[in-house]
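Asks: Let me give you the structure first, and then I'll get to my questions.
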Amino acid sequence: MVYGKMCKYFLVVITVVLTQSTICTGDTDQRNERSKPGGLFGSNWGFTPSKRFLSLFTVVTWGQGQCTAPSGEYGNCVPNNECLPRGGIPGGPCAAGYGMCCVFMQSCGGIARENGTYFVNPNHPDAYEGTGSCQLTIMKTHPDICQIRLDLDNFAISQPEPINHICNADQFLVSGGSPAPSICGTSHGEHMYIDAGLGQSNPITVTVITSGPAFPRTWRIRVSQIPCGSISKADQGCLQWYTGVYGRVKSFNFDTKTGRQLSNQDYSICMRTERNFCGIQYTACPDPSNNRSRSFTISGNSNSIVNSMVGSGTQGTPNSCTNDWLLIGCARVTDRIPVPNTCEDRICGGTFNAEVSTLERTVQSSVRPFRLSFHTDLIEAPNDIDNRGFCLDYTQQPCTNG
Ligand SMILES: *[C@@H]1O[C@H](CO)[C@@H](O)[C@H](O)[C@H]1NC(C)=O
Ligand SMILES: *[C@@H]1O[C@H](CO)[C@@H](O)[C@H](O)[C@H]1NC(C)=O
């Protein structure tokens, strides 16, 4: 079945509505109501609804039902006759044929007025080699939208320059909401949450600037509008938000072979504290492409062995993190017995460990909420060479009794 869960749900509710309306409206011609455009699905119902009927109707709000089009893209299940006028692309039936799975897609100069609108490169799904500025404006679908979630389903623009890793040819920028780092390179599957402010405030814009040499650029970014009361809402100050007891987090443009850690980053990655979990452990991801893992290379010359560095120190303090770092609240290695009574906050260098070492270790933190903060300045060379950034696997740890 290509129809999403919500569409099945609609079918059930519609069946109930039809039954109820028969009971409540007696001899109203049901067939007429159904064929009248906007009759069954529009707001102008052709007969007087009873109280009971209305309370049922409030459950059915078109446009919230997510469905999957045969193209693999998500759409909104809307009344058949509304998809084209709303600027959507019909993507097959949903709600058992009562609705249309309507995919909303915009490119340069577009305006996202529907939840789940995709922002795609010109020529999508083919690559775009051109240069210029391509902007999407996001309008809140409702005043009660608190956050915008951007899902970078597909994201490949050109790499930062190789010396200081600055995005000076291509750049992805978000403005009008809470601050978001500007990024470039390749980041398929990453996401960002942007605080949209209260009320129907200024729109948020997402811009891809492309310049410099031709490059096969592709992007397909899904823009979801998160209501203030939604369970999908991220905690305050979290650019990235992960749920579940385990998962993987990466810096933007992470790739152990060709990725370059981006400069000028400053944001937080948050893991929702799941019920009955009190701590969290982080381990560097496996690196299948290098003999010495490059899953954590934040500072130093990554072409040689670089130990882990810890703490904020000061400029000139050896093995401390004064320029680029990953911050983990009170981080300790997991298997020290007895548990050391000191802990570190910043970790950098070329090895993942909460102590200065050339050996990778699992690192633990009990500071809640679970949060990583990543900071890089605007300089790499000459001390920092070929840094890749980080990829960490995390697992939350259950609370222990007593
Ligand atoms: C938009 O879609 C997302 C994900 O499908 C959903 O969580 C959110 O509630 C929707 N927003 C609105 C306003 O319907
Ligand atoms: C890993 O080490 C082996 C043996 O020293 C070497 O032949 C190989 O090229 C190395 N691979 C990488 C990716 O560095």
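Residue numbers (the numbering used here): 30 to 431.
Ideal Cβ placement from N, Cα and C applies to all residues, glycine included.
In the DSSP assignment, find the beta strand (DSSP E) that holds residue 238 and state where it starts and stops.
Replies: 233–239
Asks: Assign residue 125 to one of three DSSP states: helix, strand, or coil.
Replies: helix
Asks: For residue 105, count neighbouring Cβ atoms within 10 angstroms of its own Cβ and tell me buried if that reaches 16, exposed if not.
Replies: So residue 105 counts as buried.
Asks: Shortest alpha-carbon distance to residue 166 belongs to which of 155, 143 and 290?
Replies: A check of alpha carbon separations from residue 166 across 155, 143 and 290 identifies 143 as the nearest.
Asks: Buried or exposed: residue 155, going by 16 or more other Cβ atoms within 10 Å of its Cβ?
Replies: exposed
Asks: List the whole-angstrom C-beta distance separating residue 252 from residue 177, where the pair is believed to meet the contact cut-off of C-beta under 8 Å.
Replies: 6 Å
Asks: With hydrogens ignored, establish whether the beta-carbon of residue 135 is closer than 7 Å to any heavy atom of ligand 1.
Replies: no
Asks: Closer than 8 Å is the cut-off here; do at least three beta carbon pairs connect the segment 351–370 with the segment 382–396?
Replies: yes
Asks: Rounded to a whole number of angstroms, what is the C-alpha to C-alpha distance between residue 221 and residue 110?
Replies: 33 Å
Asks: Tell me, please, which residues DSSP counts as bridged to residue 204.
Replies: 234
Asks: Flag residue 256 as yes when its Cβ comes closer than 7 Å to any non-hydrogen atom of ligand 1, and as no otherwise.
Replies: yes
Asks: Answer with buried or exposed for residue 8, where buried requires no fewer than 16 other C-beta atoms within 10 angstroms of its C-beta.
Replies: Residue coverage of the chain in this structure runs from 30 to 431, which leaves residue 8 outside it and unanswerable.
Asks: For residue 387, count the other beta carbons within 10 Å of its own beta carbon; 16 or more makes it buried, fewer makes it exposed. Which is it?
Replies: That one is exposed.
Asks: Give every residue of the same chain whose Cβ lies closer than 6 Å to the Cβ of residue 102, excluding the five residues on either side of it in the sequence, and list them in chain order.
Replies: 132
Asks: Can you tell which of 344, 215, 217 and 234 has the C-alpha that lies nearest to the C-alpha of residue 208?
Replies: Selected option, being the one with the closest Cα: 234.
Asks: What does the alpha-carbon distance come out to for the pair residue 205 and residue 180?
Replies: 18 Å
Asks: I'd like the span of the beta strand (DSSP E) that includes residue 392, first residue to last.
Replies: 392–394
Asks: At the level of alpha carbons, what is the spacing between residue 333 and residue 348?
Replies: 16 Å
Asks: Going by C-alpha distance, which of 288, 199 and 391 is nearest residue 247?
Replies: In terms of CA proximity to residue 247, 199 leads the group 288, 199 and 391.
Asks: Comparing C-alpha positions only, which one of 425, 424, 409 and 418 sits nearest to residue 191?
Replies: 409
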